[in-house]
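In full-length UniProt numbering, the protein residues as written are 1 to 230. In this text, a Cβ means the ideal position worked out from N, Cα and C, and glycines have one as well. Data first, discussion second: the structure below is written as structure tokens.
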């Protein structure tokens, strides 16, 4: 289910649609991809996760970020989210730009089994990738994606669905670059993937894995090196 929101509590519902492979008609210049902050339960971020959300907006993703990733303060064409955790993490960034979040929403349901949850996340990840590939509003612009880590990259999950593409690593053709990790580790919260594309073909031309290094009031946020996740 796709929604648009300025905060995690204000959403407008729109119909869900499943995607099918199509010829790309829009090619973002850059995709910034990361996972949500630390959580306290299925519905909300922990205090640490809330602080990380603020830090990301103030130092990396927001309009006046001190270490802004958006070149020349270019306004992002879309801020994409999926779960309540990702919506909450993205909210400070969305507010700084005065932009809505494009939320392909998966909301936890009581007693929901794991298979049903994964199926919904698969469908919403596919729908988001379809939007990126076809929406002319994103052409030659920057899209920021805040997502659930297993659907960014997870080799085990990919193998459970042969013949399908269920992660952004597959759907955004990141596997074309050997430097892109096959799985996003469960314990890693403090990295950002930056992928650049050419205007003529939706194939990645460069990949950078940027570690979040916060300063000031956020300097003590937990950090974990990618190679030390075990």
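Spatial neighbours of residue 213 within its chain, please: C-beta separation below 7 Å, excluding the five flanking residues on both sides. The residue given as residue 213 occupies position 213 in the chain shown. Answer for residue 213: no residue qualifies.
Kindly indicate the opening and closing residues of the alpha helix (DSSP H) around residue 51. The residue given as residue 51 occupies position 51 in the chain shown. From DSSP, the alpha helix (DSSP H) with residue 51 extends over 47–56.
According to DSSP, is residue 223 part of a helix, a strand, or is it coil? Taking the first residue of the chain shown as 1, we reach residue 223 at position 223. Note: residue 223 maps to coil in three-state DSSP.
From the DSSP output, which residues share a beta bridge with residue 162? Here residue 162 refers to the residue found at position 162 of the chain shown. Looking at the DSSP assignment, residue 162 forms no beta bridge with any residue, so it has no partner.
Extent of the continuous alpha helix (DSSP H) to which residue 232 belongs: Beyond the ends of the chain as shown, which are 1 and 230, falls residue 232; an answer cannot be given.
Residues near residue 156 by beta carbon distance below 8 Å, same chain, minus five either side: As a working note, residue 156 is residue 156 in the chain shown. The answer, listed in chain order, is 183.
Between the stretch 109–120 and the stretch 42–51, can you find at least three pairs of beta-carbon atoms closer than 8 Å? no
Host beta strand (DSSP E) of residue 35 (start-end): Reading the chain shown from its first residue, position 35 is the one you call residue 35. Start and end: 30–35.
Looking at the secondary structure, which residues open and close the alpha helix (DSSP H) in which residue 87 lies? Counting from one through the chain shown, the residue named residue 87 turns up at place 87. Residue 87 -> alpha helix (DSSP H) spans 84–97.
Could you compute how far the alpha carbon of residue 132 sits from the alpha carbon of residue 227? Taking the first residue of the chain shown as position 1, residue 132 is located at position 132. Taking the first residue of the chain shown as position 1, residue 227 is located at position 227. Approximately 30 Å between the Cα atoms of the pair.
Write down every uninterrupted run of the beta strand (DSSP E) in the stretch 111–157 whose length is 3 residues or greater and which is fully enclosed by it, in chain order. 142–147
Count the other CB atoms within 10 Å of the CB of residue 201; is the residue buried (16 or more) or exposed (fewer)? As a working note, residue 201 is residue 201 in the chain shown. Counting Cβ neighbours within 10 Å, residue 201 comes out exposed, since fewer than 16 surround it.
Return the bridge partner residues of residue 39 from the DSSP annotation. By 1-based counting over the chain shown, the position of residue 39 is 39. According to DSSP, residue 39 bridges with 45.
Going by DSSP in three states, residue 217 sits in which element: helix, strand or coil? The residue you call residue 217 lines up with position 217 of the chain shown. It is helical.
Alpha-carbon spacing of residue 45 relative to residue 194, whole angstroms: Numbered from 1 along the chain shown, position 45 holds the residue referred to as residue 45. Numbered from 1 along the chain shown, position 194 holds the residue referred to as residue 194. Each residue's alpha carbon lies about 24 Å from the other.
Closest Cα partner of residue 171 within the set 92, 108, 124: As a position in the chain shown, residue 171 is number 171, starting the count at 1. Comparing Cα-Cα distances from residue 171 to each of 92, 108, 124, the minimum goes to 124.
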